[in-house]
Amino acid sequence: MKKSYLIPLLSALVLLNCKKASSSFSSDSIKPVKVQTTLAAGADSITLKVLQLNIWQEGTSVSGGFDGIVDAIIQSGADLITLSEVRNYNSTKFDERIVAALKAKGYTFYSFYDYNVGIVSKYPIASFKTNIYGNAFDKATVNLSATTQVTLYSAHLDYTNYACYLPRGYDGVTFKKIAAPVTNVDSVLAANLKSTRDEELSAFVNDAKQERDNGRIVILGGDFNEPSHLDWVKAQKDLFDHHGTIVPWQGSVKLYGAGYQDSYRVKNPDPVKYPGFTWAAFNTSAKLSSLVWAPDADERDRIDYIYYADNYNRVNVNESIVFGPSGSIVKGQGYEDAIYTNPFLKPTGTWPSDHKGVITTFSIKTSPTQANIILNKTKFSVGETITVNFANGSADPKAWIGIYETGNVPGASNTYAGAWKYTNGVVSGSLTLTLPSDKPSGSYYVAYFADNVYTEISPRFSFTYGN
């Protein structure tokens with residue numbers, strides 16, 4: 021199942037510092053960006069297909085499972101593959117075996133040795149890192165073009181304290197039936213935090229921040245063993261044995277707060293019409309008893325994901341689909357549902373897993389992009405923190421971002437920024453600004469300036485301030 025594994029002259033400098041307000045700055049203020057863009061594929065774009073697949077104890081749980089993994093990779097047409105439950109059984113190296121098996125069928129891929137998680141790539145791997153937070157993650161960087169790199173993370177998070185079983189009337193540790201479903205959301209979330217999934221995702225966000233600050237696109241594929249806050253919503257509360265609960269699952273909330281987006285939900289936003297179930301797969305090549313964990317419950321959930329983040333606004337999701345058997349496990353039996361459908365690819369060979377996979381096809385723009393800034397909303401209350409996302413900017417540590425009242429001209433006599441900060445050499449990221457309490461309500465704008473001067477390097481972003 022889920023088992024663990026970014027010098028002007030002195031006089032100009034003095035003048036500039038007089039015009040800016042006295043806001044302090046710190047590299048700690050640079051945070052990941054949360055930006056959603058739409059990008060059409062074109063001559064300056066690369067199509068990149070990513071597959072996430074839990075391979076169920078390295079394919080050993082199904083007769084012909086290893087060959088099924090090979091066939092699934094080929095059928096998916098994926099360029100990058102993230103795998104969960106790599107085991108290196110019998111003193112073998114799974115990375116070498118999978119690369120060799122693919123080569124025998126005429127496909128050239130690259131990989132590296134790891135345990136619990138794995139990455140397979142059609143692109144040569146420029147660098148990799150294993151054993152991130154106790155083998156919960158590994159990562160590999162590939163060059164899509166001379167100007168564009170992707171760092172791919174593969175994840176397999178803690179399977180214990182599987183709290184989404186509590187509303188279904190089962191214990192998330194013992195997987196035994198309990199007296200009654202747990203429908204108190206605070207209790208469910210508290211139980212969820214007893215796992216290490218939140219710590220694992222914090223480790224990922226911290227590790228990936230450097231990748232993003234260095235201008236790389238970050239993609240994360242994995243078996244999270246946790247649902248999404250985008251699924252357990254009001255529209256689903258009386259479906260799939262949620263028993264009326266609306267649960268803001270901490271893992272997906274954390275990733276969205278850090279600027280990551282769930283590629284499946286970006287392309288398929290309706291969680292009822294397109295639930296996207298990946299657990300549990302009704303795999304007819306496996307014993308039914310090995311697929312059932314809560315025999316009196318509807319076990320269907322989406323716990324396998326492909327997330328992405330990009331500080332340069334280069335990524336668009338073309339398609340995101342479920343890959344695997346169409347059936348799921350409901351109340352101890354295989355169940356084919358004609359009502360809740362998904363964009364789907366059914367396997368042509370032996371399916372190796374008790375999970376379904378996810379395939380996301382991205383368009384990634386590779387040509388240079390103008391510097392830009394964006395706020396997460398256009399109206400702020402008095403005293404509210406304003407997060408400014410910036411992308412494709414200057415690498416000079418004295419590039420800066422400031423807020424001005426509409427009509428004021430930066431650098432003009434007696435015109436001061438209401439708040440400002442340096443970007444500290446980060447070309448793409450975000451920072452937070454807070455206007456002083458005495459600033460009047462009205463119309464303001466954010467401007468992005470070159471290196472300690474008043475030359476604006478991106479379009480302005482306007483907003484309303486006040487109650």
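Number 210 in our numbering belongs to position 190 of the sequence shown; there are no gaps in the numbering.
Virtual Cβ for every residue (Gly too), placed ideally from N, Cα, C.
Short of 6 Å from the beta carbon of residue 168, and not among the five residues preceding or following it, lie these beta carbons of its own chain, in chain order: 386. In the three-state DSSP reduction, residue 385 falls in the strand class (E or B). Note on the region 200-280: whole beta strand (DSSP E) runs with a minimum of 3 residues are 237-243, in chain order. Remark: C-beta atoms of residue 280 and residue 288 do not approach each other more closely than 7 Å. Out of 478, 372 and 131, the CA that lies nearest to the CA of residue 394 is found in 478. Put simply, the backbone Cα of residue 338 is about 5 Å away from that of residue 381.
Taking residue 197 as the centre and dropping the five residues before and after it, the same chain places the C-beta of 189, 190 and 316 closer than 7 Å to its C-beta, in chain order. In this chain, residue 147 is not harboured by any alpha helix (DSSP H); it is covered by the beta strand (DSSP E) spanning 145-152. In this structure, the alpha-carbon of residue 321 lies about 29 Å from that of residue 109. In the displayed model, residue 297 falls within coil according to three-state DSSP, outside both helix and strand.
Here residue 455 has 423, 438, 439 and 485 as same chain residues with Cβ atoms under 7 Å from its own Cβ, once five neighbours each way along the sequence are excluded.
At the C-beta level, residue 203 and residue 187 come within 7 Å of one another.
Under a 10 Å Cβ-count criterion, residue 229 is classified as buried, with 16 or more other Cβ atoms of the shown protein chains found around its own Cβ. In the DSSP assignment, residue 120 falls outside any beta strand (DSSP E) and within the unbroken alpha helix (DSSP H) covering 114-124. If you check the CB distance, residue 222 and residue 249 do not come in under 7 Å.
Taking C-alpha positions only, residue 138 is separated from residue 472 by approximately 45 Å. Residue state for residue 79 is assigned as helix, using DSSP reduced to three classes. When C-beta atoms of the region 239-255 are compared with those of the region 92-110, three or more pairs fall below 8 Å, so the two segments count as touching. Per DSSP, residue 72 is not a residue of any alpha helix (DSSP H); the beta strand (DSSP E) it occupies stretches across 65-74.
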